[in-house]
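>
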DNA sequence: CGGTCTCTTGAGTTAAATCAAAGGCGGTGG
DNA sequence: CCACCGCCTTTGATTTAACTCAAGAGACCG
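See below:
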């Protein structure tokens, strides 16, 4: 609602028989790009969910403010991600740019109409929603029982994989968000985040380069410290020790 | 895979033009009912997600076992709920009956075919998935920053509302799960759950009746202690105090 | 009625939060 | 280009809510 262009939008029918390979992101390709300044919001928790957004470039934080004024970040979205797909009537969270960000939008109505009519698009939406659910589950596991160090390592590992997938410079991870953002995302305080990063740095797992990027020196150790053991253990099933928390 | 009946199933086409009002649960109405004993699983994390289940009666716990043997319960499902809708290829969690439970199943293939072809069913699935996402978000908020007391009150309140919606006896809440289940769901230990319930009981908020049900005596106070302030505060916007955690 | 399993209660420990202050990065203006 | 200022981050000291360990009490079953 703070945005400038009230974009003229193509109808669902127009959207359809145009793009050749029919990708979800393709739906947005003719929409005007909107620039969001750092700290600016694209919608607020409780707003009517009128639009679906595609992030073209940049990064946003997705968060809720709870009764006592604290902020919980439920996720970050980056270029290529969609925002606002799995919502009924209202946004359940606010979305705010972390850095200068470019987005495109479609009305929810047009987005859904286009998806409904396409045999190709429907499974793509389904897949995105499933991924979102899986991420939410992982986050619940993290918040339920991981230690501060495990949380940070899990977080960094996720971003390392993102970077690797985009074939960026090996082992360099860009972290556009602040320490406070990480704290609010990981269910920790800023001090604990800072101390834990320092500790990982001291251990030689990683090296900080400025405030917003780290170089991962020992990715294997990082993965081990994350405590996921990616996909249930390494075969020694039934070794349910009596470990409890942390 | 532990189940007995390898049900003959109607085809998607057959499923469709039969039920008059076309509800999601209606899809399952002709499927055979399967009985699940307490502690028995209907599927395991990692299994190929072949079926979608409708819970007819009873209660199940949905959980993951993490590398060190601990269990994280990501949700409970009760009668009327569907299980296995928002999954791609494999189950992300195990599902185990808490008490004697009745379920019906459809192959994922048939379920999805039936849904795809129906203008009435598609939005119903979408709504269920949205509710699931919303529940996951709420749980993240709970795990991120709520105290033990707030967690328990939030949990009890949710179950109180369930009971109220089913027009059961006012203020009596059935809790079929064990204290350990609650602990694994709320990110606490069994001792903390027990102590917190005792404290709430001492305060006169509720009274325990046996192990598996409580009588809520002061529902308003319970809601207050849950710390949700259902939908961002009561108007005093901008009163972001300097409160931090718990 | 006795056994087993679950739950409660107590005592002590700990990881992370809180409170407090110093350090350093980045932007601005002289 | 450099000095200053503000904000973010780091580091230190202390507190605390929840965890761990341990033992006893109560519910439910045959």
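Protein chains in written order, with full-length UniProt numbering: chain A, 1 to 246; chain B, 1 to 246. Just so it is clear, CB atoms sit at the ideal spot from N, CA and C, and this is done for glycine as well.
#1: Less than 8 Å between CB atoms is the rule here; does residue 228 (chain B) satisfy it with respect to chain A?
#2: Along the chain, where does the beta strand (DSSP E) that runs through residue 182 (chain B) open and close?
#3: Taking only the alpha-carbon atoms, compute the straight-line gap between residue 138 (chain A) and residue 186 (chain A) and give it to the nearest angstrom.
#4: Here's the rule I'm using: 16 or more other beta-carbon atoms within 10 Å means buried, otherwise exposed. How should residue 172 (chain B) be labelled?
#5: Is the Cβ-Cβ distance between residue 204 (chain B) and residue 215 (chain B) less than 8 Å?
#6: Could you tell me whether the Cβ atoms of residue 102 (chain A) and residue 58 (chain A) are closer together than 8 Å?
#7: Return no unless some Cβ of chain A is closer than 8 Å to the Cβ of residue 72 (chain B).
#8: Answer yes or no: do residue 228 (chain A) and residue 67 (chain B) have a C-beta to C-beta separation smaller than 8 Å?
#9: Inspect the beta-carbon positions of residue 60 (chain B) and residue 96 (chain B) and report whether they are closer than 8 Å.
#10: So who's on the other strand from residue 48 (chain A), going by DSSP bridges?
#11: Since I believe residue 154 (chain A) is in contact with residue 146 (chain A) (beta carbons under 8 Å), could you give me their beta-carbon distance rounded to a whole number of angstroms?
#12: Does DSSP classify residue 201 (chain A) as helix, strand or coil?
#13: Within a Cβ cutoff of 6 Å, which residues of the same chain sit near residue 200 (chain A), ignoring the five residues on either side of it in sequence?
#14: Helix, strand or coil for residue 154 (chain A)? Go by DSSP, reduced to three states.
#15: Quick check on residue 114 (chain A) - is its C-beta less than 8 Å from some C-beta in chain B?
#16: When the cut-off is 8 Å and only beta carbons count, does residue 88 (chain B) lie next to chain A?
#17: Could you list which residues in chain A have their beta carbon closer than 9 Å to that of residue 60 (chain B), in chain order?
#18: Using a Cβ-Cβ cut-off of less than 7 Å, give me the residues of the stretch 137-165 of chain A that come near chain B, in sequence order.
#19: Alpha carbon to alpha carbon, how far is residue 70 (chain A) from residue 32 (chain B)?
#20: Examine chain A for any beta-carbon lying closer than 8 Å to the beta-carbon of residue 42 (chain B), and answer yes or no.
#21: If distances are taken between C-alpha atoms only, which option among A:98, A:92, A:90 and A:211 comes closest to residue 251 (chain A)?
#22: I want to verify the contact list: residues of chain B whose CB lies under 7 Å from the CB of residue 245 (chain A), in sequence order.
#23: May I have the straight-line CA-CA distance separating residue 152 (chain B) from residue 74 (chain B), to the nearest angstrom?
#24: How many Å lie between residue 181 (chain B) and residue 175 (chain B) at the Cα?
#25: Enumerate, from N- to C-terminal direction, the unbroken alpha helix (DSSP H) stretches of 4 or more residues contained entirely within the stretch 112-138 of chain A.
#26: Can you tell me whether residue 159 (chain A) is buried or exposed? The criterion is at least 16 other CB atoms within 10 Å of its CB, across all chains shown.
#27: Taking the straight line between their C-alpha atoms, what separation do you get for residue 178 (chain B) and residue 123 (chain A)?
#28: Using the C-alpha atoms, what's the distance from residue 156 (chain B) back to residue 163 (chain B)?
#29: Anything in chain B within Cβ reach of residue 129 (chain A), meaning under 7 Å, just list it in chain order.
#30: Please return the same chain residues whose Cβ sits closer than 6 Å to the Cβ of residue 193 (chain A), not counting the five positions on each side in sequence.
#31: With DSSP run on the structure shown, which of helix, strand or coil describes residue 226 (chain A)?
#32: With DSSP run on the structure shown, which of helix, strand or coil describes residue 34 (chain B)?
#33: Please list, in chain order, the chain A residues whose beta carbon lies closer than 9 Å to that of residue 133 (chain B).
#34: Nearest CA to the CA of residue 84 (chain B): which residue from B:191, B:100 and B:62?
#35: At what residues does the beta strand (DSSP E) containing residue 189 (chain B) begin and finish?
Let me spell this out:
#1: Working through the second chain from its first residue, we reach residue 228 (chain B) at position 228. Answer yes: the Cβ-Cβ gap between residue 228 (chain B) and chain A drops below 8 Å somewhere.
#2: Residue 182 (chain B) sits at position 182 when you count from the first residue of the second chain. In the DSSP annotation of this structure, residue 182 (chain B) is not part of any beta strand (DSSP E); the continuous alpha helix (DSSP H) holding it starts and ends at 179-186.
#3: In the first chain, residue 138 (chain A) corresponds to position 138, counting from 1. In the first chain, residue 186 (chain A) corresponds to position 186, counting from 1. If you take the alpha carbons of residue 138 (chain A) and residue 186 (chain A), they lie about 12 Å apart.
#4: Sequence index remark: in the second chain, residue 172 (chain B) carries index 172 (1-based). Around the beta carbon of residue 172 (chain B), fewer than 16 other beta carbons lie within 10 angstroms, which makes this residue exposed.
#5: As a position in the second chain, residue 204 (chain B) is number 204, starting the count at 1. As a position in the second chain, residue 215 (chain B) is number 215, starting the count at 1. Taking 8 Å as the Cβ cut-off, residue 204 (chain B) and residue 215 (chain B) do not qualify as a contacting pair.
#6: Working through the first chain from its first residue, we reach residue 102 (chain A) at position 102. Working through the first chain from its first residue, we reach residue 58 (chain A) at position 58. Yes, these two residues count as a Cβ contact at 8 Å.
#7: In the second chain, residue 72 (chain B) corresponds to position 72, counting from 1. With respect to chain A, the C-beta atom of residue 72 (chain B) has a partner C-beta closer than 8 Å.
#8: Within the first chain, numbered from 1, the residue matching residue 228 (chain A) stands at position 228. Within the second chain, numbered from 1, the residue matching residue 67 (chain B) stands at position 67. Cβ atoms of residue 228 (chain A) and residue 67 (chain B): closer than 8 Å.
#9: As a working mapping, residue 60 (chain B) is identified with position 60 in the second chain. As a working mapping, residue 96 (chain B) is identified with position 96 in the second chain. Yes. Within cutoff.
#10: Here residue 48 (chain A) is taken as the residue at index 48 of the first chain, counted from 1. DSSP lists A:90 as partners of residue 48 (chain A).
#11: Sequence index remark: in the first chain, residue 146 (chain A) carries index 146 (1-based). Sequence index remark: in the first chain, residue 154 (chain A) carries index 154 (1-based). Residue 146 (chain A) to residue 154 (chain A), Cβ: 7 Å. Contact.
#12: Sequence index remark: in the first chain, residue 201 (chain A) carries index 201 (1-based). The three-state reading of DSSP puts residue 201 (chain A) in helix, counting H, G and I together.
#13: In the first chain, the residue the question calls residue 200 (chain A) occupies position 200. Same-chain partners within the cutoff: 206.
#14: Walking along the first chain from the start, residue 154 (chain A) turns up at place 154. Correct three-state label for residue 154 (chain A): helix.
#15: Translated into the one-based positions of the first chain, residue 114 (chain A) becomes position 114. Residue-level contact by beta carbon fails for residue 114 (chain A) and chain B, as no gap is shorter than 8 Å.
#16: The residue labelled residue 88 (chain B) in the question sits at position 88 within the second chain. Residue-level contact check: residue 88 (chain B) touches chain A, since one or more beta carbons of chain A fall below 8 Å from its beta carbon.
#17: The residue you call residue 60 (chain B) lines up with position 60 of the second chain. Going along chain A, no residue has its Cβ under 9 Å from residue 60 (chain B), so there is no contact; the nearest lies around 16 Å.
#18: Within the stretch 137-165 of chain A, the residues whose Cβ lies closer than 7 Å to some Cβ of chain B are 137, 139, 140, 141, 143, 144 and 145, listed in chain order.
#19: Counted from its first residue, the first chain places residue 70 (chain A) at position 70. Counted from its first residue, the second chain places residue 32 (chain B) at position 32. Roughly 49 Å separates the two Cα atoms.
#20: Your numbering for residue 42 (chain B) matches position 42 in the second chain. No, residue 42 (chain B) does not count as interfacial toward chain A.
#21: Chain A is shown from 1 up to 246; residue 251 (chain A) falls before or after that span and cannot be answered.
#22: Indexing the first chain from 1 puts residue 245 (chain A) at position 245. 189, listed in chain order.
#23: By 1-based counting over the second chain, the position of residue 152 (chain B) is 152. By 1-based counting over the second chain, the position of residue 74 (chain B) is 74. C-alpha separation (whole angstroms): 15 Å.
#24: Walking along the second chain from the start, residue 181 (chain B) turns up at place 181. Walking along the second chain from the start, residue 175 (chain B) turns up at place 175. Taking the straight line from one Cα to the other gives about 10 Å.
#25: Counting only runs of 4 or more, we get nothing.
#26: Residue mapping note: residue 159 (chain A) aligns to position 159 of the first chain, counting from 1. The residue is buried, with at least 16 neighbouring Cβ atoms inside 10 Å.
#27: Here residue 178 (chain B) refers to the residue found at position 178 when the second chain is read from its first residue. Here residue 123 (chain A) refers to the residue found at position 123 when the first chain is read from its first residue. Straight-line Cα distance between these residues: approximately 38 Å.
#28: Position 163 of the second chain, counted from the first residue, corresponds to residue 163 (chain B). Position 156 of the second chain, counted from the first residue, corresponds to residue 156 (chain B). Looking at the two C-alpha atoms, the distance is approximately 10 Å.
#29: Here residue 129 (chain A) refers to the residue found at position 129 of the first chain. Those are 86 and 129, listed as they occur along chain B.
#30: Position 193 of the first chain, counting from 1, holds the residue named residue 193 (chain A). So the list reads 179, 182 and 183, once near-sequence residues are dropped.
#31: Mapped onto the first chain, residue 226 (chain A) falls at position 226. In the structure shown, residue 226 (chain A) sits in a helix (DSSP, three-state: H, G or I).
#32: Here residue 34 (chain B) refers to the residue found at position 34 of the second chain. Residue 34 (chain B) falls in the strand class under three-state DSSP.
#33: Residue numbering aside, residue 133 (chain B) sits at position 133 when the second chain is read from its first letter. Close partners of residue 133 (chain B) in chain A (Cβ separation under 9 Å): 86, 87, 92, 129, 132, 133 and 136.
#34: By 1-based counting over the second chain, the position of residue 84 (chain B) is 84. Nearest in C-alpha terms to residue 84 (chain B), of all of B:191, B:100 and B:62, is B:62.
#35: On the second chain, position 189 is the one that residue 189 (chain B) refers to. Note, residue 189 (chain B): premise wrong, no beta strand (DSSP E); not H, not E.
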